[in-house]
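Heads up, the thing below is written out as structure tokens.
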């Protein structure tokens, strides 16, 4: 399957939730690994996630598997919304949001449009019995 060019790529809500999680943690001068992102998005409460329980993205992608989240993270890295750095002491990669990623959180033109369901007139299903 052919990948969309960079100019056509738009972020879906799940990508935005991952970006928001990374940005929220980076603002507190911390960085997330893949497992940290999964903990925050799945709403797992432990000593590492206590400072982030009040974030709006905490526990918002419960139904997404860690494998699916990893695929979205890789997509964000390829498109330069997020960058990785390696910590030798912990032997793991951690995520930092890039200026393009911060711009994407503020700029609505990079987002996928959301559609609201149009309401239709409801059909009457119960009526009074005529005399």
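Numbering (my numbering), first residue to last: 7 to 137.
Cβ coordinates follow ideal geometry from the N, Cα and C atoms, glycine included.
Computed from a predicted model, the values in this text were never measured in an experiment.
In terms of alpha-carbon separation, which member of 72, 44, 53, 90 lies closest to residue 107?
By one-based count along the chain shown, residue 107 stands at place 101. Of 72, 44, 53, 90, the residue nearest in Cα terms is 90.
Limits of the unbroken alpha helix (DSSP H) element including residue 111:
Numbered from 1 along the chain shown, position 105 holds the residue referred to as residue 111. Looking at the DSSP string, the run of the alpha helix (DSSP H) that includes residue 111 is 105 to 112.
DSSP three-state assignment for residue 52, whether helix, strand or coil
As a position in the chain shown, residue 52 is number 46, starting the count at 1. It is coil, neither helix nor strand.
To the nearest angstrom, how far is it from the Cα of residue 84 to the Cα of residue 52?
For the purposes of this step, residue 84 is taken as the residue at position 78 of the chain shown. For the purposes of this step, residue 52 is taken as the residue at position 46 of the chain shown. Their Cα atoms are separated by approximately 31 Å.
Using the Cβ count rule (16 or more neighbours within 10 Å means buried), how would you classify residue 28?
Taking the first residue of the chain shown as position 1, residue 28 is located at position 22. Result: buried.
Cutoff 6 Å; reference residue 96; Cβ partners in own chain excluding five residues on either side
In the chain shown, residue 96 corresponds to position 90, counting from 1. Closer than 6 Å at the Cβ level, and outside the excluded window around residue 96, lies no residue.
Could you work out which residue in 109, 94, 130, 135 is closest to residue 16 when comparing CA atoms only?
Along the chain shown, one-based indexing puts residue 16 at 10. It is 109.
Going by the beta-carbon positions, is the gap between residue 47 and residue 100 smaller than 8 Å?
Position 41 of the chain shown, counted from the first residue, corresponds to residue 47. Position 94 of the chain shown, counted from the first residue, corresponds to residue 100. No Cβ-Cβ contact shorter than 8 Å links residue 47 with residue 100.
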